[in-house]
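*Asks:* Attaching a single structure in structure tokens format; questions to follow.
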Amino acid sequence: MATSALRASLGVGTLSSIQGLKGNAFMSRNLTAFMTKYGADGKALMARCLDNWVQPQESVVETEPANFEDSVASRVVTVGTRVIWGILEFSLGILLSDEDIKQIRHILDVADRIFANTNDYFSWEVERDGDQRVQNTVKTVMDREGKSEQQAKEKLRAAILEDERKYQLLMKQFALSTIDVPAHVWRFLVMLEVLLGGHHIWSAACERYKSRAPSVGNPSVRKEIIIPNRVEEASSVALGNSALLDPVHYIQSLPSKNMRSKVVDALNIWFQLPHHLVDTVKGTVDDLHNSTLILDDIQDSSYLRRGFAATHHVFGSAQCINSATYLVAQAASRLIVHNEQYPALITFFLDGLKELALGQSWDLNWKSTGYCPSTEEYMAMVDGKTGVMFDMIIRMMHCFSSSQTVPVPELSQLTKLLGRWYQVRDDYQNLQDEQYTAQKGLCEDLDEGKLSYPLTVCCNTDPTAQRIIMGILRQRLPGTPLQFNVKMQILDLIRRSGALQQTWELLQKFKKQADAALSNLEAITGVPNEGFRVVLTLLGNIPPP
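Residue numbers (UniProt numbering): 1 to 545.
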């Protein structure tokens, strides 16, 4: 029964008995070869297929669902979502136990609905126009609720979006409320989210779900499907830029505090640039910032960005590197149009790019070599990696400005301080802040093997803690989160060394220095700057450890 049902699902149910015997023999040989090659993992995947797809389908009675929810429940079985999850396990080289699945069952239930409903939403037209029995929730809504095709698809679309919001909420709640989650379970959940996004993109773009043209023999449509027979005609097709810009639009869509734009607006209280030049500065900085975010997540093997799947987990690393490179070119193109009137602009831009790359190079080098920098070395790295972006803002705005009264050296000191404050604050929050944990994961810097400021202070203060922490980071597997208990062990060592307290005290020192530097600038220019004070207030709201 199981084999025949599987054969039917593969579209070979009309074979003669002799052909059927040959088909069974063919399947048996290949399944045996698969399980022999992949051992326990292969057997586990076949068991998932049998238990979660083949056998449940044998018990399905071919009656029309009574309502929307009945249809969704039926489609979860017939689409085979749990087999897809099994394939994901297999591809990751992990095997979820019954206890693991029980722990995340509520999340899987929502993922089932998203996958099945996405399938039905995009496959509806092809199923409607085909000659097989239609099993699709769009049809159920039309039949049972008397809705039009458009209304039925809209209802299904709304259900998908609602379930996606629910999935995000459940993931955040799970990250905050569940302790000691095995690394392989967390890895599965992160990649499940990526799989759902990939399934959506594939379903929307694949040839399989596009309505087929009628028979070529029909002269009324023949002209619409004739293939060009000349190279000149075929080569004129425009591909568009969606593959290039999709990663860009995705990173732009994620939640952001827009701190750099706030800094530009605050500085313009002194520079007084017209709107179009302010927009040029903001656009240039945003392009560079988004490019660095995409590349940082790839280089750090990050799973999350602001509570959502990192861009490369949606579009792939190669595609994202290409798009990040494009963003740098786009940033340069914003400035090059002003080159004749402001020739120094492009020099400031290129110098800033070099400093960014230099700062990032040491961050990556220390992580890969296991070298623990001094706090002075760490701050020098931050000046390049983070501070230079703020300094580029000043250089560009000053170049555009006709004002000679704005003191650039004093402004550069303030933005250098701002860059250090911003980075150390981020490091502190990564280990300390619950909201940060919900958006990026618990102590994500430790998962990435990153040498943050509190960790650097700890290792330079306590040689024993340094040996333990650096040893753990050297043994970590790239792309695999550390166990919860191991993170707690490292966090305890950092706390006991006093590094968290020292980091918080440094943040308070930065706050006082920034306030003093701002007051000095206000005195020099004679112009108070409440906009910049708001920025400092936003950065200063940090609770003690």
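Beta carbons: idealized from backbone N, C-alpha and C, even for Gly.
Cα-Cα, which of T464, D462, I469 is closest to K450?
*Replies:* Among T464, D462, I469, the Cα nearest to that of K450 is on I469.
*Asks:* L493 lies in the alpha helix (DSSP H); which residues open and close that run?
*Replies:* L493 -> alpha helix (DSSP H) spans 484-496.
*Asks:* Assuming S497 and C458 make a contact with CB atoms under 8 Å, what is their CB distance in whole Å?
*Replies:* The Cβ separation is near 4 Å, so the contact holds.
*Asks:* Could you tell me which residues DSSP pairs with F308 in its beta bridges?
*Replies:* Beta-bridge pairing links F308 to R305.
*Asks:* Could you give the DSSP three-state label for V237: helix, strand or coil?
*Replies:* Three-state result, V237: coil.
*Asks:* So, helix, strand or coil for D297, using DSSP?
*Replies:* DSSP places D297 in helix when its eight states are reduced to three.
*Asks:* Could you tell me the alpha carbon to alpha carbon distance between I393 and V185, rounded to whole angstroms?
*Replies:* When rounded, the distance between both Cα atoms is 43 Å.
*Asks:* Please return the same chain residues whose Cβ sits closer than 6 Å to the Cβ of L356, not counting the five positions on each side in sequence.
*Replies:* Correct list, in chain order: V388.
*Asks:* Three or more C-beta pairs under 8 Å: does that hold for the region 117-127 against the region 154-167?
*Replies:* Counting Cβ pairs under 8 Å, three or more are found: they touch.
*Asks:* What's the gap between the Cα of G419 and the Cα of R395?
*Replies:* Roughly 15 Å separates the two Cα atoms.
*Asks:* Can you name, in chain order, every residue of its own chain whose Cβ lies under 6 Å from the Cβ of S519, other than the five neighbours on each side?
*Replies:* Cβ neighbours of S519 beyond the five flanking positions: none.
*Asks:* On the criterion of 16 or more Cβ atoms from any shown chain inside 10 Å, does R474 qualify as buried, or is it exposed?
*Replies:* That one is exposed.
*Asks:* Which residues mark the beginning and the end of the alpha helix (DSSP H) in which I84 is found?
*Replies:* 81-92 is the span of the alpha helix (DSSP H), which, as asked, contains I84.
*Asks:* Determine the direct distance from the alpha carbon of T405 to that of A309, and round the result to whole angstroms.
*Replies:* Those two C-alpha atoms are separated by around 46 Å.
*Asks:* Compare the C-alpha of Y422 against each of Q360, S374, V535 and name the closest.
*Replies:* Among Q360, S374, V535, the Cα nearest to that of Y422 belongs to V535.
*Asks:* Is it true that the CB of E127 sits closer than 8 Å to the CB of N136?
*Replies:* Yes, these two residues count as a Cβ contact at 8 Å.
*Asks:* Measuring straight from C-alpha to C-alpha, what distance separates P255 and R306?
*Replies:* Taking the straight line joining both Cα atoms gives about 6 Å.
*Asks:* Taking just the CA atoms, how far does Y303 sit from M171?
*Replies:* Rounded to whole angstroms, M171 to Y303 spans 13 Å at the Cα level.
*Asks:* With a threshold of 16 other CB atoms inside 10 Å of the CB of K487, please say whether the residue is buried or exposed.
*Replies:* Per the 10 Å Cβ criterion, buried.
*Asks:* May I have the straight-line CA-CA distance separating K155 from S291, to the nearest angstrom?
*Replies:* So the alpha carbons of these two residues sit roughly 37 Å apart.
*Asks:* Using the three-state DSSP reduction, which class does Q135 fall into: helix, strand or coil?
*Replies:* Here Q135 sits in coil by DSSP.
*Asks:* For V110 and P65, what's the separation of their Cα atoms in angstroms?
*Replies:* Answer to the nearest angstrom: the Cα atoms are 20 Å apart.
*Asks:* Report the three-state DSSP secondary structure of C399 (helix, strand or coil).
*Replies:* Three-state DSSP puts C399 in a helix.
*Asks:* Would you decide whether V134 is buried or exposed? Buried here means 16 or more other CB atoms lie within 10 Å of its CB.
*Replies:* Looking at its Cβ environment, which holds fewer than 16 other Cβ atoms inside 10 Å, V134 is exposed.
*Asks:* Given a cut-off of 8 Å, decide if L431 and L500 are closer than it, judged by their beta-carbon atoms.
*Replies:* Going by C-beta atoms, L500 is nearer than 8 Å to L431.
*Asks:* Who are the Cβ neighbours of V76 in its own chain at under 6 Å, not counting the five residues just before and after it?
*Replies:* For V76, where only same-chain residues beyond five positions count, the Cβ hits under 6 Å are D112, A116.
*Asks:* Mapping the DSSP letters down to three states, classify H313 as helix, strand or coil.
*Replies:* Reduced to three states, the DSSP call for H313 is helix.
*Asks:* Given 8 Å as the limit, is there contact between the region 319-338 and the region 377-384, that is, 3 or more CB pairs closer than that?
*Replies:* Output reads no: the region 377-384 does not touch the region 319-338.
*Asks:* Give me the residue from I524, A318, D515, P544 with the minimum Cα distance to G531.
*Replies:* Nearest option by C-alpha distance: D515.
*Asks:* Indicate whether C443 and L521 have their beta-carbon atoms separated by less than 8 Å.
*Replies:* No, the pair does not count as a contact, with Cβ atoms beyond the cut-off.
*Asks:* Three or more beta-carbon pairs under 8 Å between the region 276-286 and the region 250-268, yes or no?
*Replies:* Enough Cβ pairs lie closer than 8 Å, so yes.
*Asks:* Could you say if the region 69-89 and the region 185-194 meet the contact criterion of at least three C-beta pairs nearer than 8 Å?
*Replies:* Enough Cβ pairs lie closer than 8 Å, so yes.
*Asks:* Going by CA-CA distance only, name the one from A318, G540, Q489 that's closest to residue 631.
*Replies:* Since the displayed the chain opens at 1 and closes at 545, residue 631 lies outside it and no answer follows.
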